[in-house]
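Chains as they are written, first to last, in this note's numbering: chain A, 9 to 354; chain B, 9 to 354. Before any comments, here is the structure.
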DNA sequence: TCTCTTTCAGAGAACGTTCACAATTATTAT
DNA sequence: ATAATAATTGTGAACGTTCTCTGAAAGAGA
């Protein structure tokens, strides 16, 4: 109330002067050192309260070499669905969260190096790397990130890096086998951009299973994970090869776009074509018809990434390992046996 | 190639030693001071390259008092749609982005104070506050954030704070007048949670306009901005008062939920009920029917927030002001004249 | 040649903390 | 009472920069 707006925040020395002790004693108090008498503790705490003192983290960082910050390097800041979990986990453990979106020009590796160097200048304690990219190699990353513990999220580069990911193969298998078990034999795919690790595995696995089960892959198109691209891909598919009954899309956005295209062509879902997406975004439960899709638990993914990173911080020399989470098939009304009546009641 | 992995990064002194100059000269080089001979410049740059030296930002911060970081304090990290713009803007100007999600227990104001103090310990250069909340007052915030320039995003607290926002009144007006102009006279509303600034204004404005135009507000329900809540709200609305032809929802998620509920009841959109959402999320163009909604340009909002903050950093004593952006009505197929045939071709 | 400027380089302090000691005081055992 | 020990407090240095000076060298004008 009566405090004047201080021109600059109070320091350890200000508190020490007011409490009549040395700055070191104040340092002990804020670091909860056991060896401080209850009497001085009281005095110092009063002085801290009176001056509204808070330790300056950057000064502390300089001497300890720790910043109490986790840096997230992500390819796409907008679609960073594990951000809430990462934020939650970091703050629960007293860490701050910093964020950099990676932008590449022509030379990806050089840009990545520059980006990581830039990040390193502010000395984060750990790094979460969300580059769902098939391009970078394990050795590149290990070379670039020399001194900072890091965990790769949603990408498997090799067995020498710590990583957390959701089993894409398994998710794809569940989706395709669901369609096969309904009796579908004629498939179409809308693939995602093949630079992406996830997209690549989904495409690859789907093809492998279809071949193994002697089901027919009538046609495939590639989109860029967006709804418009899914719409257009489905249009091309329907124009060129209308003979399929099952459509597997590499993500929910493209699946929604595809559903729109199918309906615009006057075809019914799932009567004429069954559609499966990937991710279980919230709209999938409410679109028309509600979409069968593969749920990825991004919250768990983010949380595990942080747990993994923290265990690395505590024991830096543990052998690198990977944590694999499993997706879940969510069956809704966009899939049915080929030619079945619209299954609103299913 | 032949470099050994250094245990700790090179410092100014390492570079100085290698180049045979004083550390101060190296400092001058990295700060592009004009007074350094081209000869020493060359030497120093070579040493920098050889050691792969990068200045330590935390040491620099300590002495300059600047951290080159912008901190974003947001109520909801997950729904932070202006994050990409903020990230983009910050990095373009050489700033790092830090992120804190605000979590409140019982005493909001105390929690906010603690949160801001915590943020202040790492000395960000500027603060972006995204608390779309009707609870906090201008004076609270000014008291709490003493030394850090800040811009409030998506909330108008008073004329003494710098803020950037999208005109919610105008957006609501466009939506309601659109429905009125189609001939609707019987309205229902699904309001958002009234602690939210946006939700409050949307509710208030809609009621005001309906009253002014002598249209009938048949019923209203409140949701929490989620799809399930929109679904349930619409169910209640339909059970208790089925006599409305126009439904205005405080956001797209609830509108999508409501559309599902309406269709589940066997009613047609827009033939029986026209639905309008708010935000123009990407799925609105692809759901069934494509949704009429009010577009908010979150990218522009985020960018303006940063521009505003930067102008504050450059000229700290400029008088506080607000920047107001305007939304846009996107008419799709979920609205039509009451009783009109389904307007797929519209 | 001598002074006066200008250009360049270096020395010392400072930023606000923590760390490794040393110094003091209180407590206990003999 | 007295040494031995434990508990508490204080001092000086360090972290890696930038800032403010001061000093040296080089160039220009007399």
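Just so you know, even glycine gets a beta-carbon here, dropped at the ideal spot from N, CA and C. Note that the coordinates shown come from a computational prediction; the quantities given were computed from them, not determined experimentally.
Item                                                                                                                           : Value
Same chain only: Cβ atoms within 8 Å of residue 271 of chain B, ignoring 5 sequence neighbours per side                        : 277
Inter-residue Cα distance where the pair is residue 174 of chain B and residue 303 of chain B                                  : 10 Å
CB contact flag (residue 21 of chain B, residue 172 of chain B, <8 Å)                                                          : no
Beta-carbon gap between residue 158 of chain B and residue 134 of chain B smaller than 8 Å                                     : yes
Beta-carbon proximity check, residue 80 of chain B vs residue 136 of chain B, cutoff 8 Å                                       : yes
CB contact flag (residue 282 of chain B, residue 223 of chain B, <8 Å)                                                         : no
Any chain B beta carbon closer than 8 Å to residue 161 of chain A                                                              : no
Boundaries of the alpha helix (DSSP H) in which residue 260 of chain A is found, first to last residue                         : 260-272
Neighbour-count burial assignment, residue 108 of chain B, 16 or more Cβ in a 10 Å radius                                      : buried
From B:232, B:251 and B:279, residue whose alpha carbon lies closest to that of residue 265 of chain B                         : B:232
Beta-carbon proximity of residue 26 of chain B to residue 59 of chain B, cut-off 8 Å                                           : yes
Residue-chain proximity (residue 311 of chain B, chain A), Cβ-Cβ < 8 Å                                                         : no
Start and end residues, alpha helix (DSSP H) containing residue 143 of chain B                                                 : Element bounds for residue 143 of chain B: n/a, residue is neither H nor E.
Three-pair Cβ contact test at 8 Å for the region 176-195 of chain A versus the region 212-231 of chain A                       : yes
Helix, strand or coil at residue 200 of chain A [DSSP, three-state]                                                            : coil
Range covered by the beta strand (DSSP E) that runs through residue 331 of chain B                                             : 330-333
Per-residue contacts from residue 273 of chain A into chain B (C-beta, under 9 Å)                                              : Here the premise fails: no neighbours, minimum Cβ distance about 12 Å.
Where residue 322 of chain A falls: helix, strand or coil (DSSP)                                                               : helix
Per-residue contacts from residue 63 of chain B into chain A (C-beta, under 8 Å)                                               : 129
Candidates B:228, B:310 and B:138, of which the one nearest residue 254 of chain B by Cα                                       : B:228
Cβ of residue 235 of chain A within 8 Å of any chain B Cβ                                                                      : yes
For residue 306 of chain B: DSSP bridge partner residues                                                                       : Residue 306 of chain B is not bridged to any residue.
Meets three-Cβ-pair contact criterion under 8 Å: the region 142-155 of chain A and the region 113-125 of chain A               : yes
Status (buried if at least 16 other CB within 10 Å, exposed otherwise) for residue 104 of chain B                              : buried
Within-8 Å CB hit, residue 95 of chain B to chain A                                                                            : yes
DSSP state of residue 351 of chain A mapped onto helix, strand, coil                                                           : Confidence in residue 351 of chain A is poor, its pLDDT being 43 and thus under 50, which makes the residue's placement unreliable; the coordinate value appears in the next sentence. Coil, per DSSP.
Of the residues A:262, A:275, A:181 and A:179, the one placed nearest residue 292 of chain A, counting alpha carbons only      : A:262
Minimum Cβ-Cβ distance from residue 268 of chain B to chain A less than 8 Å                                                    : yes
Beta-carbon separation (whole angstroms), residue 260 of chain B vs residue 289 of chain B, contact threshold 8 Å              : 5 Å
Residue 54 of chain B versus residue 322 of chain A: straight-line alpha-carbon distance, rounded                              : 37 Å
Beta-carbon gap between residue 131 of chain A and residue 306 of chain A smaller than 8 Å                                     : no
Of the residues B:347, B:252 and B:168, the one placed nearest residue 326 of chain B, counting alpha carbons only             : B:168
Sequence-distant residues of the same chain with beta carbon closer than 7 Å to residue 188 of chain A, five excluded per side : 221 and 223
Within chain B, the residues that residue 3 of chain A reaches when beta carbons sit closer than 7 Å                           : Nothing can be reported for residue 3 of chain A: it is not among the residues displayed for chain A, which extend from 9 to 354.
Chain A within 8 Å of residue 44 of chain B, Cβ atoms only                                                                     : no
Entirely enclosed alpha helix (DSSP H) segments - the region 74-126 of chain B, minimum 4 residues                             : 91-100
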